[in-house]
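Trainee: Protein chains in written order, with my numbering: chain A, 696 to 883; chain B, 696 to 883.
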DNA sequence: CATACTATCTTTACACTGTCAAGATATAGA
DNA sequence: TCTATATCTTGACAGTGTAAAGATAGTATG
């Protein structure tokens, strides 16, 4: 199969066009027909390369994940110890998605909630469950007598929330809830 | 405006029907027309109560969040210290979504990725970035000389991943990246 | 070279979606 | 009783994913 068939390499072109649309217009604006039109091809042409819309989406995610993995790999290359590598991965992880925020929602979903994850009291009313955790966390800080600066308070809060959230995700999807030792969640 | 107008209380009925559809058929199967049909009402009737499909979705999320908050509140009621409350909230958080897994994806998005968050080597090939973290984490365990049981290994891994993931979400959505002290991510 | 074969792409069609506009209907208030 | 308003129905439209049938162009086989 040649490289300059009817279109050239439509499969790859569709993947790249889809990713470009997501970055420029957001995921909810992505449709098979629009991707096909971007490649100047009929609306049913993608079905020669992908069984589904889902299969194109999966191919797009694979492509993004390759870039993501490459960046992580680059980050740990120069780190000495494993602990350093973990920290470097954390930085690279966040850096990657900060430069391409649409990739984050594309890979992980909506996630709008986390915008409320700050300790300031302005967005207090936004997300009730998190408001509750904030209040309890302030109480915890008071009890433990620690006078942390605001930035560190935020980090502590995020650590708790994201740990629990990640565990809930794991437990929901895999059902391994009972194997988790909850005492491990404790602060510090 | 009476309580037994044409339909009774269509607004509430639509919200409940929508939630039921999500629990029984999944979110991707939810459509305005199907919700309307479930309430035995014409396909345009919801527009008397909701401007958008999005507005109905938001109302449904509010309803679920109310249940969620109530369960968290119940959990912390009997806890003595703030630290105990945080742990109780963590347990209640996970318990809530374990009993209604579709609520989790409904509120937080896809999240299928986290199914790979186990330390067993079977799903190793699933998600390359996470595979990388797993390898580095094993290396870290070896370096630190700790012989943790598998369950605790998983918890450590989840703590790191979910912390970084949660911080990436925060940084992407709010742009507060620079205020975070990364040294805090360290293990323990 | 001629033929058959296969991958690729187009055209047409269908059911389904969200949304809007115009009209019907029933309740509330004057 | 009359009017106004909220609620609901009907009908329409553009856009969606997808399947079927046909056209086209490359590849392989004789």
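All C-beta atoms in this analysis are idealised placements derived from N, C-alpha and C, irrespective of residue type, glycine included.
Quick check on the burial criterion: 16 or more other C-beta atoms within 10 angstroms. Buried or exposed for residue 828 of chain A?
Mentor: For the purposes of this step, residue 828 of chain A is identified with residue 133 of the first chain, where counting begins at 1. It is buried - the Cβ of residue 828 of chain A has at least 16 other Cβ atoms within 10 Å.
Trainee: Helix, strand or coil for residue 703 of chain A per DSSP?
Mentor: Position 8 of the first chain, counted from the start, is the residue given in the question as residue 703 of chain A. Three-state result, residue 703 of chain A: coil.
Trainee: By the 10 Å Cβ neighbour count, where 16 or more other Cβ atoms means buried, how is residue 765 of chain B classified, buried or exposed?
Mentor: Here residue 765 of chain B refers to the residue found at position 70 of the second chain. By the 10 Å Cβ count, residue 765 of chain B comes out exposed.
Trainee: Residues in its own chain within less than 8 Å of residue 843 of chain A by CB, not counting five upstream and five downstream?
Mentor: Numbered from its first residue, the first chain carries residue 843 of chain A at position 148. Within the same chain, residue 843 of chain A has close Cβ partners 836, 851.
Trainee: Is the Cβ-Cβ distance between residue 787 of chain A and residue 770 of chain A less than 8 Å?
Mentor: For this step, residue 787 of chain A is matched to residue 92 along the first chain. For this step, residue 770 of chain A is matched to residue 75 along the first chain. Yes, these two residues count as a Cβ contact at 8 Å.
Trainee: Rounded to whole angstroms, what is the Cα-Cα separation between residue 741 of chain B and residue 743 of chain A?
Mentor: On the second chain, residue 741 of chain B is found 46 positions in, with the first residue counted as 1. On the first chain, residue 743 of chain A is found 48 positions in, with the first residue counted as 1. Residue 741 of chain B and residue 743 of chain A: Cα-Cα distance of roughly 39 Å.
Trainee: I think residue 713 of chain B touches residue 755 of chain B, with their Cβ atoms under 8 Å apart; what is that distance to the nearest whole Å?
Mentor: The count along the second chain starts at 1 and reaches residue 713 of chain B at position 18. The count along the second chain starts at 1 and reaches residue 755 of chain B at position 60. Indeed, because the Cβ distance is near 5 Å, the residues count as touching under 8 Å.
Trainee: So which residues of chain B does residue 834 of chain A contact, with C-beta pairs closer than 7 Å?
Mentor: Walking along the first chain from the start, residue 834 of chain A turns up at place 139. Ordered by position in chain B, the residues that pass the 7 Å Cβ test against residue 834 of chain A are 777.
Trainee: Could you check what DSSP says for residue 857 of chain A in three-state terms: helix, strand or coil?
Mentor: Along the first chain, read from residue 1 onward, the residue named residue 857 of chain A stands at position 162. Helix.
Trainee: Assuming the contact rule is C-beta atoms closer than 8 Å, residue 773 of chain A and residue 838 of chain B should be a hit. Round their C-beta distance to whole Å, please.
Mentor: Taking the first chain and counting its residues from 1, one reaches residue 773 of chain A at position 78. Taking the second chain and counting its residues from 1, one reaches residue 838 of chain B at position 143. That pair is no contact at about 17 Å.
Trainee: Is the stretch 782 to 799 of chain A touching the stretch 715 to 732 of chain A, taking contact as three or more C-beta pairs under 8 Å?
Mentor: Yes, the stretch 782 to 799 of chain A is in contact with the stretch 715 to 732 of chain A.
Trainee: Assuming residue 709 of chain B contacts residue 759 of chain B under a Cβ cut-off of 8 Å, what Cβ separation, rounded to an integer in Å, is found between them?
Mentor: Translated into the one-based positions of the second chain, residue 709 of chain B becomes position 14. Translated into the one-based positions of the second chain, residue 759 of chain B becomes position 64. Not really, about 14 Å apart at Cβ, beyond 8 Å.
Trainee: Residues of chain B with CB closer than 9 Å to the CB of residue 722 of chain A, please, in chain order.
Mentor: Along the first chain, read from residue 1 onward, the residue named residue 722 of chain A stands at position 27. Under the 9 Å cutoff, chain B gives no residues; its nearest Cβ is about 11 Å from residue 722 of chain A.
Trainee: Using a C-beta to C-beta distance shorter than 8 Å, which residues of chain B count as neighbours of residue 784 of chain A?
Mentor: Locating residue 784 of chain A in the first chain gives position 89, where the first residue counts as 1. Simply 827, 828, 831, 859.
Trainee: Is the CB of residue 745 of chain B under 8 Å away from at least one CB in chain A?
Mentor: Taking the second chain and counting its residues from 1, the one referred to as residue 745 of chain B is at position 50. By this cut-off, residue 745 of chain B is not an interface position.
Trainee: Check the Cβ of residue 768 of chain B against every Cβ in chain A and list those closer than 9 Å, keeping chain order.
Mentor: What you label residue 768 of chain B is simply residue 73 of the second chain in a count that begins at 1. Per Cβ cutoff of 9 Å: 827.
Trainee: Applying the 10 Å Cβ sphere with the 16-neighbour rule, what's the burial state of residue 739 of chain B?
Mentor: Here residue 739 of chain B corresponds to residue number 44 of the second chain, with the count starting at 1. Exposed, by the Cβ-count rule.
Trainee: Output the distance between the C-alpha atoms of residue 804 of chain B and residue 725 of chain B, rounded to the nearest integer angstrom.
Mentor: Stepping through the second chain from its first residue, residue 804 of chain B is reached at position 109. Stepping through the second chain from its first residue, residue 725 of chain B is reached at position 30. Taking the straight line from one Cα to the other gives about 15 Å.
Trainee: Please state whether the Cβ-Cβ distance between residue 763 of chain B and residue 791 of chain B is less than 8 Å.
Mentor: Translated into positions along the second chain, residue 763 of chain B becomes position 68. Translated into positions along the second chain, residue 791 of chain B becomes position 96. Yes, the pair counts as a contact, with Cβ atoms nearer than the cut-off.
Trainee: May I have the straight-line CA-CA distance separating residue 734 of chain A from residue 761 of chain A, to the nearest angstrom?
Mentor: Here residue 734 of chain A refers to the residue found at position 39 when the first chain is read from its first residue. Here residue 761 of chain A refers to the residue found at position 66 when the first chain is read from its first residue. Each residue's Cα considered, the two are about 23 Å apart.
Trainee: In terms of residues, what are the limits of the alpha helix (DSSP H) holding residue 803 of chain B?
Mentor: By one-based count along the second chain, residue 803 of chain B stands at place 108. Where residue 803 of chain B is concerned, the enclosing alpha helix (DSSP H) stretches over 796 to 803.
Trainee: Quick check: what's the CA-CA separation for residue 779 of chain A versus residue 832 of chain A?
Mentor: Taking the first residue of the first chain as position 1, residue 779 of chain A is located at position 84. Taking the first residue of the first chain as position 1, residue 832 of chain A is located at position 137. Taking the straight line joining both Cα atoms gives about 29 Å.
Trainee: Please check the pair residue 781 of chain A and residue 855 of chain B, which I expect to be a contact at CB under 8 Å, by giving their CB distance rounded to whole angstroms.
Mentor: Taking the first residue of the first chain as 1, we reach residue 781 of chain A at position 86. Taking the first residue of the second chain as 1, we reach residue 855 of chain B at position 160. Between residue 855 of chain B and residue 781 of chain A the Cβ distance is about 6 Å, and since that is below 8 Å, they are a contact.
Trainee: Give every residue of the same chain whose Cβ lies closer than 6 Å to the Cβ of residue 783 of chain B, excluding the five residues on either side of it in the sequence, and list them in chain order.
Mentor: Position 88 of the second chain holds residue 783 of chain B. Within the same chain, residue 783 of chain B has close Cβ partners 770, 771, 774.
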